[in-house]
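Trainee:
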Amino acid sequence: MRAQLKYLTVEDLRRKARRRIPRFAWEYLDSGEGAERAAARNAECLQRVLLTPQFLKGRLEPDVGAELFGVRYSLPVGIAPVGLTGLIWPGADAALADAAARCRIPYVASTVNSADVSETGPRAGGMGWFQLYPPRDTSVRDDLIERARRAGFGVLVVTADVPWPARRERQTRQRISMPPRVTPRHVGHAALRPAWTWGLLRNGLPRFRTLAPYVDTSTLRDLAGFVGANLGGTLNWAYLAETRRRWPGPLVVKGILDAEDAQRCADTGADAVVVSNHGGRQFDAAPAAVEALGPVLERVGDTMPVLFDGGVRSGLDVARALALGASFVFAGRSFMYGLGALGTGGAEFVARLFEQQLTAAMHQLGCERLDELRERDPRFAASA
């Protein structure tokens with residue numbers, strides 16, 4: 001109850017998390033690419049979406065549950081993949097999977113998570129999706145997706161928007177490398193964040209444990225070298241088609257901003273696309289995800305679900321994306337802010353906060369079902 005009164009918004013959680021996460025980990029989580037306008041644009045453009053309330057509907061009992069790929073979720077919101085979660089908050093992978101199982105929402109585990117897929121899959125209780133950074137070695141790809149399948153992950157998410165490592169100048173200016181070197185400076189940062197440091201002592205140093213079987217040594221730096229040398233940069237339509245043939249369940253392509261790319265994903269056998277600019281972390285000139293949503297929906301919205309990820313900080317933002325036509329919404333940083341602020345229960349707190357805010361929005365809009373939101377005619381306010 002105290003947390004509910006103290007942290008009324010994700011921004012409240014963000015401010016608290018910044019005081020509890022060491023600077024090197026915070027900069028990794030919170031920074032974007034270039035001047036970070038793409039990251040800011042995501043939130044700014046989403047805030048411009050206006051929805052007109054409708055009243056005199058009598059007593060309403062909004063149903064915020066959603067079905068996707070034959071699975072009923074308690075919310076139309078999932079936990080987006082975030083790399084190196086165990087560095088941002090120790091034990092984050094287990095906490096996110098547990099929150100997904102308790103709240104009945106999707107949890108997308110990243111290839112570069114700290115925990116192994118064999119641990120997070122069962123903990124997610126059937127809510128797990130696996131995000132694939134496409135390995136250049138197709139035998140590694142095939143082994144990864146088979147391990148994910150055996151671990152109980154039901155949906156494969158192929159990330160398309162990392163053809164080259166991003167610069168992320170803010171991290172460079174702060175002399176932050178990934179993975180961070182253990183220097184007196186970093187030890188000093190950690191000493192100022194006792195809750196994080198205590199969590200690290202309990203959970204151990206973060207590792208790319210899902211990738212450990214493919215590397216001769218298991219130090220974080222060696223694993224990071226493997227990531228840089230072997231993941232990404234070679235994804236093309238033939239690779240996607242082969243991955244489609246290898247994966248037996250629903251396949252989603254994440255990071256789509258161009259309508260023609262969305263159409264080709266559909267033609268190649270994808271079951272859905274995620275409209276996303278990678279949280280503004282890859283290319284600063286990219287449009288906001290919400291700006292790209294309309295053209296993608298116009299091209300493929302009648303043939304496949306179009307999912308959305310970009311700047312979601314509230315249940316009202318979820319309502320905005322759904323009203324624009326998205327079938328489902330994902331958030332990454334919001335859930336990590338929750339963990340940083342409140343520890344292991346923080347992700348579930350964010351899910352409940354989104355549920356309360358979305359329910360309140362639906363009352364204002366006179367909607368009992370999510371499909372009623374999609375029948376609305378949202379508009380964009382003029383830029384400030």
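Numbering (our numbering), first residue to last: 1 to 384.
Cβ coordinates follow ideal geometry from the N, Cα and C atoms, glycine included.
The model shown is predicted, which means the values in this text are computed figures rather than measured ones.
If you pair each beta-carbon of the region 35-50 with each one of the region 334-346, do three or more pairs fall below 8 angstroms?
Mentor: Short answer: they don't touch.
Trainee: Go ahead and pull the three-state DSSP assignment for D309.
Mentor: D309: strand per DSSP, three-state reduction.
Trainee: Given a threshold of 16 other Cβ atoms within 10 Å of its Cβ, counted over all protein chains shown, does V187 qualify as buried or as exposed?
Mentor: By the neighbour-count rule (16 or more Cβ atoms within 10 Å), V187 is not buried but exposed.
Trainee: Rounded to whole angstroms, what's the CA-CA distance from G279 to A289? Just pull it up for me.
Mentor: One C-alpha to the other measures close to 9 angstroms.
Trainee: From which residue to which residue does the alpha helix (DSSP H) around Q364 run?
Mentor: It spans G346 to L365 - the alpha helix (DSSP H) in which Q364 sits, taken as one unbroken run.
Trainee: Would you mind working out which of N236, R150 and G58 sits nearest V117, comparing C-alpha positions?
Mentor: Out of N236, R150 and G58, R150 has the C-alpha closest to the C-alpha of V117.
Trainee: Restricting to Cα atoms, I'd like to know which of L51, V275 and W198 is closest to G311.
Mentor: Nearest option by C-alpha distance: V275.
Trainee: DSSP state of F24, grouped into three classes?
Mentor: Helix at F24.
Trainee: Below 8 angstroms between beta carbons: does that hold for V273 and V296?
Mentor: Yes, these two residues count as a Cβ contact at 8 angstroms.
Trainee: Kindly indicate which three-state DSSP category F226 falls into: helix, strand or coil?
Mentor: Helix, per DSSP.
Trainee: Roughly how many angstroms separate the alpha carbons of R168 and V82, rounded to a whole number?
Mentor: Taking the straight line from one Cα to the other gives about 16 angstroms.
Trainee: Using only the alpha-carbon positions, how far apart do D143 and N230 sit?
Mentor: Using only the alpha carbons, I get a separation of about 14 angstroms.
Trainee: Under the rule that 16 or more other beta-carbon atoms within 10 Å means buried, what is Q54, buried or exposed?
Mentor: Label assigned to Q54: exposed.
Trainee: What would DSSP say about A238, mapped onto helix, strand or coil?
Mentor: It is helical.
Trainee: Could you tell me whether the Cβ atoms of C103 and S139 are closer together than 8 angstroms?
Mentor: No, the Cβ-Cβ distance between C103 and S139 is not below 8 angstroms.
Trainee: Can you round the beta-carbon distance between R59 and D98 to whole angstroms, since I take them to be within the 8 angstroms contact cut?
Mentor: Actually they do not touch by this definition, with Cβ atoms about 35 angstroms apart.
Trainee: How far does the alpha helix (DSSP H) with T85 in it extend, from its first residue to its last?
Mentor: From DSSP, the alpha helix (DSSP H) with T85 extends over T85 to I88.
Trainee: Could you work out which residue in V64, L46 and G249 is closest to I145 when comparing CA atoms only?
Mentor: Comparing Cα-Cα distances from I145 to each of V64, L46 and G249, the minimum goes to G249.
Trainee: Let me know the secondary structure DSSP gives P248 once reduced to three states.
Mentor: Three-state DSSP puts P248 in coil, outside helix and strand.
Trainee: Can you give me the Cβ contacts of A17 inside the same chain, cut-off strictly under 7 angstroms, excluding the 5 residues immediately before and after it?
Mentor: Correct list, in chain order: Y337, G340 and A341.
Trainee: Do A115 and G128 have their beta-carbon atoms positioned less than 8 angstroms apart in this structure?
Mentor: Contact flag unset, no.
Trainee: Helix or strand or just coil, what does DSSP make of L231?
Mentor: Reduced to three states, the DSSP call for L231 is strand.
Trainee: I think G199 touches P134, with their Cβ atoms under 8 angstroms apart; what is that distance to the nearest whole Å?
Mentor: The pair is not a contact, with the Cβ atoms about 31 angstroms apart (cut-off 8 angstroms).
Trainee: By a C-beta neighbour count over all protein chains shown, 10 Å radius and 16 as the cutoff for buried, is K6 buried or exposed?
Mentor: Per the 10 Å Cβ criterion, exposed.
Trainee: List the endpoints of the continuous beta strand (DSSP E) containing E67.
Mentor: Counting along the chain, the beta strand (DSSP E) containing E67 begins and ends at A66 to L68.
Trainee: Report all residues from its chain with a CB closer than 6 angstroms to the CB of G78; omit the five preceding and five following residues, and keep chain order.
Mentor: Excluding residues within five positions, the ones whose Cβ falls inside 6 angstroms are I105, P106 and F330.
Trainee: In whole angstroms, what separates the C-alpha of W164 from that of V158?
Mentor: Going by the C-alpha atoms only, they are around 15 angstroms apart.
Trainee: Could you check the C-alpha separation between T268 and A148 for me, to the nearest Å?
Mentor: Answer to the nearest angstrom: the Cα atoms are 22 angstroms apart.
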